[in-house]
Structures are given as structure tokens and as C-alpha cells.
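Colleague:
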Amino acid sequence: MTDRKTLLSKITSEADRDISIPSLFDSESDRLSRFVLSEGPLRADFSKQAIDGAALDALLDLAAKCGLEEWRAKLFAGEKVNTSEDRAVLHMALRGVGGTPENQKEVAEMRRRMADYADRIRAEGKFKNIVHIGIGGSDLGPRLVADAFEASAEQSLTLRFAENVDGASVNDAIKGLDPAETLAVVVSKSFGTQETKMNGESVRDWLGDYGGSNMIAVTANRDRAVDFGIDPENIFDFWDWVGGRYSVWSAVGLSLQIAYGPDVFSDFLDGAKAMDLHFRDQPLQENLPVMMALTGIWNRNGLGYGSQAVIPYSRRLRKFSAFLQQLEMESNGKSATRDGDPSTLTCPVIWGDEGTNGQHAFFQWLHQGPSEGRYGGAPVDFVAVLKDHEDRPGHHQALLANCFAQSEALMLGKAESVVRKENADRSDIDALAPQKTFPGNRPSTTITLDELSPEALGHLIALYEHKTFVQGVIWNVNSFDQWGVELGKVLATTILDEMESGEAGSHDPSTTALMALYK
Ligand code: F6P
Numbered sequence: 059m060t061d062r063k064t065l066l067s068k069i070t071s072e073a074d075r076d077i078s079i080p081s082l083f084d085s086e087s088d089r090l091s092r093f094v095l096s097e098g099p100l101r102a103d104f105s106k107q108a109i110d111g112a113a114l115d116a117l118l119d120l121a122a123k124c125g126l127e128e129w130r131a132k133l134f135a136g137e138k139v140n141t142s143e144d145r146a147v148l149h150m151a152l153r154g155v156g157g158t159p160e161n162q163k164e165v166a167e168m169r170r171r172m173a174d175y176a177d178r179i180r181a182e183g184k185f186k187n188i189v190h191i192g193i194g195g196s197d198l199g200p201r202l203v204a205d206a207f208e209a210s211a212e213q214s215l216t217l218r219f220a221e222n223v224d225g226a227s228v229n230d231a232i233k234g235l236d237p238a239e240t241l242a243v244v245v246s247k248s249f250g251t252q253e254t255k256m257n258g259e260s261v262r263d264w265l266g267d268y269g270g271s272n273m274i275a276v277t278a279n280r281d282r283a284v285d286f287g288i289d290p291e292n293i294f295d296f297w298d299w300v301g302g303r304y305s306v307w308s309a310v311g312l313s314l315q316i317a318y319g320p321d322v323f324s325d326f327l328d329g330a331k332a333m334d335l336h337f338r339d340q341p342l343q344e345n346l347p348v349m350m351a352l353t354g355i356w357n358r359n360g361l362g363y364g365s366q367a368v369i370p371y372s373r374r375l376r377k378f379s380a381f382l383q384q385l386e387m388e389s390n391g392k393s394a395t396r397d398g399d400p401s402t403l404t405c406p407v408i409w410g411d412e413g414t415n416g417q418h419a420f421f422q423w424l425h426q427g428p429s430e431g432r433y434g435g436a437p438v439d440f441v442a443v444l445k446d447h448e449d450r451p452g453h454h455q456a457l458l459a460n461c462f463a464q465s466e467a468l469m470l471g472k473a474e475s476v477v478r479k480e481n482a483d484r485s486d487i488d489a490l491a492p493q494k495t496f497p498g499n500r501p502s503t504t505i506t507l508d509e510l511s512p513e514a515l516g517h518l519i520a521l522y523e524h525k526t527f528v529q530g531v532i533w534n535v536n537s538f539d540q541w542g543v544e545l546g547k548v549l550a551t552t553i554l555d556e557m558e559s560g561e562a563g564s565h566d567p568s569t570t571a572l573m574a575l576y577k
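Here the sequence shown is numbered in our numbering, starting from 59 and rising by one per residue.
1) I need the straight-line Cα distance from Leu-385 to Met-573, nearest angstrom please.
2) Going by beta-carbon coordinates alone, are Thr-465 and Phe-440 separated by less than 9 Å?
3) To the nearest angstrom, report how far apart Ser-78 and Leu-95 are at their CA atoms.
4) Could you tell me if His-418 is buried or exposed, where buried requires 16 or more neighbouring beta carbons within 10 angstroms of its beta carbon?
5) Looking at chain C, is there any beta carbon in it that lies within less than 9 Å of the beta carbon of Thr-569?
6) Cβ of Gly-250 versus every heavy atom of the ligand F6P: is any distance shorter than 8 Å?
7) Is any heavy atom of the ligand F6P found at a distance shorter than 8 Å from the C-beta of Gln-107?
8) Among Leu-126, Phe-93, Ala-131, Gly-125, whose alpha-carbon lies nearest the alpha-carbon of Ala-113?
9) For Met-59, count the other beta carbons within 10 Å of its own beta carbon; 16 or more makes it buried, fewer makes it exposed. Which is it?
10) Hey, quick one: how far does the beta strand (DSSP E) through His-190 stretch, first residue to last?
11) Kindly examine the ligand F6P and report whether one of its heavy atoms sits closer than 8 Å to the Cβ of Thr-141.
12) In angstroms, rounded to a whole number, what distance separates the CA positions of Val-407 and Val-438?
13) Measure the CB-CB distance between Leu-241 and Ile-179 and report whether it falls below 9 Å.
14) What do you reckon, are the CB atoms on Asp-103 and Ile-505 nearer than 9 Å?
15) Ignoring anything shorter than 4 residues, give me the alpha helix (DSSP H) runs that lie fully in the stretch 185 to 238, in order along the chain.
16) In the DSSP output, what is Asp-295 paired with across the bridge?
17) Looking at the strands, I want to know which residues DSSP matches up with Arg-396.
18) Do you know how far the Cα of Phe-83 is from the Cα of Gly-546?
19) In chain order, what residues of the same chain lie with their CB nearer than 7 Å to the CB of Ser-142, ignoring the 5 residues before and after it?
20) Specify, as a first and last residue, the run of the beta strand (DSSP E) that Val-443 falls within.
21) Can you grab the Cα-Cα spacing for the pair Leu-352 / Pro-159, in whole Å?
Encoded structure:
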């Protein structure tokens with residue numbers, strides 16, 4: 059296989075020409091049919107990307123030369139594609155796709171156990187609240203999904219989250235709750251995470267006499283959960299082939315099942331399964347995750363963009379960019395290839411906030427700000443929900459109008475000649491015109507969901523999961539380890555020990571001075 063640097067440098071050369079996005083709609087009569095792809099309730103419109111037919115052909119050729127189809131087959135077959143940790147990657151098996159019959163059997167058993175447990179807790183009515191304790195992948199997915207389920211499902215138990223080691227996190231989570239009516243769910247794949255253990259201990263203290271009966275755990279490390287003091291009967295397992303940031307589909311989603319019911323959770327899994335099958339079976343040029351990954355590669359390696367904005371025009375998806383920060387940046391924020399060589403440019407910075415709020419904050423920069431990217435600003439993924447779930451049709455129409463207007467404005471811009479005409483009476487027109495000009499030609503993708511159902515949400519999250527995998531294949535990085543989070547954890551343990559003992563060790567002068575501030 060040709061090396062990635064050579065292959066990606068061809069993309070950089072191919073992108074080194076001016077492409078006018080609006081003109082592509084005139085020159086390419088099949089643009090919408092080629093650049094709009096759908097699966098079930100999800101439609102993605104890539105036609106406002108600065109990619110023409112020739113560029114797309116080059117990208118598809120790149121994907122083929124990087125062995126994408128072979129890697130995809132290995133992933134679904136349960137081969138150990140997480141090479142540095144010698145593990146298979148099978149979050150799709152949690153949705154009923156891929157893996158061995160043995161994997162499928164253990165998943166089915168766990169799904170049954172979770173559903174039975176959730177049904178029992180809901181029927182008994184003893185618990186009115188759930189406090190979900192976990193961080194990173196053990197928090198971001200459940201939190202995003204809980205918000206989104208609110209659009210269409212009824213929450214039967216209050217669901218609170220405690221993630222940060224900051225005492226405010228646990229205090230806010232338990233505030234006003236009665237320990238007798240509260241179920242604490244401690245979620246940690248490793249059961250070794252400092253924040254989660256500390257929050258778990260604090261919640262157990264708060265539970266008092268209920269500490270034994272009202273606390274359950276979800277983990278891939280049963281022994282540590284037992285050592286922590288959880289009754290083995292109250293432990294729900296998952297497996298080392300489920301990465302933390304891909305784990306919301308596993309028992310990590312148990313709090314969601316209890317709060318919203320097993321049927322809602324099952325619809326969510328089915329939605330992701332439909333996207334799994336689409337990704338597995340569709341040819342590359344008609345494949346949603348592949349198209350999304352390739353537009354990202356074009357923007358990063360071709361056009362030189364260092365960041366990617368994700369703006370959901372949905373309050374109930376407001377955690378989506380934070381969720382994607384972990385999914386994409388923890389997966390592909392790497393500088394060494396699988397073979398240990400320096401990589402090409404990999405994952406851009408992922409950022410964003412809900413629309414329309416962002417319009418009154420960073421959209422100024424998106425429209426007129428400079429950046430290292432060829433056309434300025436940053437590529438944007440807009441996410442919109444077509445159905446109004448709030449019984450406020452006027453609001454919803456305005457929300458969607460704003461979303462559609464922003465992608466149009468980013469693409470069309472406003473020419474200086476128009477600004478000059480509109481402001482012909484101004485004596486300072488030479489100074490003013492460039493300030494009121496919008497360069498336009500700024501790329502975006504618009505994803506629409508027919509409704510924010512659990513099924514549609516499953517489609518959306520699985521789309522980004524597979525996009526992340528495809529980009530990892532093309533950049534030749536292992537998307538399923540996260541060595542980069544380790545060093546800070548080790549140093550925090552050392553510093554905490556020294557703070558507790560009062561005996562500072564050897565550090566750089568800045569760190570020593572910071573430690574001295576805390577007595
Ligand atoms: O610090 C990063 C990380 O290791 C993530 O990958 C993971 O999702 C998170 O910590 C929490 O880990 P655990 O579920 O093992 O507590």
C-alpha cells in the first residue's frame with residue numbers, strides 16, 4: 059500500500075485551486091443527487107462543501123487505496139483493530155451487528171438483564187431519582203441522550219449526573235434529593251477513574267444506611283467494583299471490546315433505560331443498527347459515514363482547516379459538540395501512526411454550541427474571521443430537526459429558518475460591490491466596504507432529522523462513530539486507544555499525594571509556585 063503521506067499530499071495538490079461552491083450548482087447538474095445522502099430519518103446535504111466531482115473522485119480513490127473496505131470488513135468481523143491494546147472494537151455488536159455468535163449471545167443476555175432490571179425498578183416505584191456517576195465516555199453519551207430523549211419520551215425518574223471531581227458536581231447532583239428514594243449508578247469501564255471513585259464514595263456517604271442497597275455499578279472490571287463495595291448482584295458488565303466513548307449502547311445506558319424505559323432504549327439501538335448496516339453494505343460513494351469522513355479529510359488535509367464546528371439547531375442536542383469532542387478528538391487526535399511513524403495532519407479541533415445562540419457569539423468569526431483554512435472561518439456541520447417537538451410551531455419555523463439561512467450566508471457571502479452600492483452615500487465607503495463584505499464560499503454540511511426520535515438519534519450518533527473510524531483508517535491512526543490522557547492522570551496523582559502529605563517533590567518552578575498557593 060502506498061504510504062499515507064504520499065496519498066494525502068495528492069489531496070493537498072488537488073485542493074490547491076479555487077473552487078467556487080455556488081458555481082458548482084450551475085456546472086454540476088447532478089450535484090444534489092450526488093452530494094445528498096439519506097438513511098431512514100436522516101438526510102445529509104454535502105452539496106455546500108467546496109468539493110466538486112473531480113475532488114470527490116480523488117477522495118474516493120484515496121479511501122480505496124487506504125484499504126477502507128478491507129478495514130471495514132475487519133472491524134465488523136471483530137478482528138483486533140485496536141492494535142496497541144490488542145482488542146476488537148465491537149460497539150456495533152451492542153446494536154446486534156457484527157462480532158461472533160458468542161459476542162451476540164452475551165449482548166442479548168445483558169440486554170435482557172438490563173431491561174428486566176429497568177422494568178422492575180420502574181414498576182416498584184421505590185426510587186424516584188437516579189444519580190448517574192461517571193465521566194468521559196461514561197457520562198457524555200448518557201447525558202446527550204437523556205437530553206435528546208426529552209423531545210419524544212417521558213422521563214419517569216429524575217436523572218441527575220455527577221461527573222467532575224469538583225465538589226460542585228456531586229453537590230448539585232444530590233441537592234434536594236432523599237437518599238431513600240435515590241438510586242446511585244456508578245459507571246466506569248475501568249473502575250479506576252479518580253473522579254468517579256471519589257464521587258461514588260461521596261454519594262455512598264450521603265446515602266448513609268442506603269449505601270449498600272441503593273448503589274449499583276456498570277463496569278468492565280467487576281473485581282474492582284466488588285473491591286469498591288458494590289454487591290456483585292448489583293453489577294452490570296460490559297466488555298473490553300466496547301471503548302468508553304462508544305459505550306452508551308451498553309449497560310452504560312442503564313440509567314437511560316430506567317428513566318425512560320427499555321422500549322425507548324431499544325428504538326435508540328435500532329436506529330444505530332440501521333446506520334451500521336448502511337455503513338457496512340453501501341458502496342463508498344453512497345455511504346454516509348464515508349462521505350462525511352471524506353469531506354472532513356478534504357477540509358483538513360486539502361484546504362488546511364484546523365477546526366470543525368458542529369452546530370445543532372436543537373436545544374435538546376446541545377451537548378452534541380461536547381460529545382463529539384471526545385468521540386473524534388480522543389479517537390483521532392494523534393500524531394503517531396499505527397506503525398509508530400509521524401502521521402500527517404489528523405483530527406481538527408471540534409467545537410460548537412447550539413444554534414441560534416452561537417449566532418450571537420462566534421458566528422461573526424465564522425462569517426468574516428480569518429483562519430489557516432483556504433476559504434477562512436471553519437467548516438460547519440449544521441444539525442436540524444424538522445419536527446417541532448415543543449408544540450411551538452412559530453418558534454420551530456424561526457429556528458429552522460435561521461439554520462438554513464446561516465449555511466446559505468456562509469456559502470454566498472456578500473460581495474464588496476453590493477456593499478458599496480448599498481452604502482453609496484457614506485463618505486468613508488473605502489474604509490467601510492471591506493468591513494461589511496462577506497467573502498462567502500465557506501463550506502458546510504446540513505444534516506436533518508425528520509424528528510428527534512430515539513431511532514433518529516441512534517442514526518446520528520452512529521453516523522459520527524463510523525465517520526471517526528473512516529478518518530482513522532485514512533490517517534492510519536488507531537482510533538480506539540487514548541494514551542494521551544494518561545500522563546496528566548499520573549502527575550495529578552503525584553501532586554495530590556504531595557498536597558496531602560505537605561511534602562512537595564521536585565517540580566518545575568511554575569508548578570512548585572502553584573502548589574505553594576494551596577495550603
Ligand atoms: O480520561 C479519559 C478516559 O479514559 C476516557 O477514555 C473514558 O471514557 C473516561 O476516561 C472514563 O473512564 P472510565 O469509564 O474507565 O471511568
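Positions of the beta carbon are idealized from the N, C-alpha and C atoms, including for glycine.
Modeller: Quick look at the numbers:
1) Position 327 of the sequence shown, counting from 1, holds the residue named residue 385. Position 515 of the sequence shown, counting from 1, holds the residue named residue 573. Whole-angstrom Cα-Cα distance: 33 Å.
2) Locating residue 465 in the sequence shown gives position 407, where the first residue counts as 1. Locating residue 440 in the sequence shown gives position 382, where the first residue counts as 1. The sequence given here has Ser at residue 465, not Thr. Their beta carbons are under 9 Å apart, which means Ser-465 touches Phe-440 by this criterion.
3) Walking along the sequence shown from the start, residue 78 turns up at place 20. Walking along the sequence shown from the start, residue 95 turns up at place 37. The straight-line gap separating the alpha-carbon atoms of Ser-78 and Leu-95 is approximately 22 Å.
4) Position 360 of the sequence shown, counting from 1, holds the residue named residue 418. Exposed, by the Cβ-count rule.
5) Given the protein chain composition of this structure (a single chain), no chain C is represented.
6) Taking the sequence shown and counting its residues from 1, one reaches residue 250 at position 192. Checking the Cβ of Gly-250 against the ligand F6P gives yes.
7) One-based indexing of the sequence shown puts residue 107 at position 49. No, Cβ of Gln-107 sits at least 8 Å from all heavy atoms of the ligand F6P.
8) Within the sequence shown, the letter at position 55 stands for residue 113. Nearest to Ala-113 by alpha-carbon distance, out of Leu-126, Phe-93, Ala-131, Gly-125, is Phe-93.
9) Taking the first residue of the sequence shown as position 1, residue 59 is located at position 1. In this predicted model, Met-59 has a pLDDT of only 48, less than 50, meaning its place in the structure is not dependable; the value taken from the coordinates is given anyway. Classification for Met-59: exposed.
10) On the sequence shown, position 132 is the one that residue 190 refers to. Residues 187 to 191.
11) The sequence position of residue 141 within the sequence shown is 83, counting from 1. No, the Cβ of Thr-141 stays beyond 8 Å of every heavy atom of the ligand F6P.
12) For the purposes of this step, residue 407 is taken as the residue at position 349 of the sequence shown. For the purposes of this step, residue 438 is taken as the residue at position 380 of the sequence shown. Taking the straight line joining both Cα atoms gives about 12 Å.
13) Here residue 241 refers to the residue found at position 183 when the sequence shown is read from its first residue. Here residue 179 refers to the residue found at position 121 when the sequence shown is read from its first residue. In contact: Leu-241 and Ile-179 (Cβ atoms closer than 9 Å).
14) Within the sequence shown, residue 103 is the residue found at index 45, counting from 1. Within the sequence shown, residue 505 is the residue found at index 447, counting from 1. With respect to the 9 Å criterion, Asp-103 and Ile-505 are classified as neighbours on the basis of their beta carbons.
15) For secondary structure counted as the alpha helix (DSSP H) over 4 or more consecutive residues, the stretch 185 to 238 holds these complete runs in sequence order: 198 to 207, 225 to 232.
16) As a working mapping, residue 295 is identified with position 237 in the sequence shown. Asp-295 is bridged by DSSP to Thr-277.
17) Stepping through the sequence shown from its first residue, residue 396 is reached at position 338. Beta-bridge pairing links Arg-396 to no other residue.
18) Taking the first residue of the sequence shown as position 1, residue 546 is located at position 488. Taking the first residue of the sequence shown as position 1, residue 83 is located at position 25. Their Cα atoms are separated by approximately 49 Å.
19) The count along the sequence shown starts at 1 and reaches residue 142 at position 84. Excluding sequence neighbours, Ser-142 sits near Asn-536, Asp-539.
20) As a first step, residue 443 is located in the sequence shown; it is residue number 385 there, counting from the start. Counting along the chain, Val-443 sits inside the beta strand (DSSP E) bounded by residues 438 to 443.
21) What you label residue 352 is simply residue 294 of the sequence shown in a count that begins at 1. What you label residue 159 is simply residue 101 of the sequence shown in a count that begins at 1. Each residue's alpha carbon lies about 33 Å from the other.
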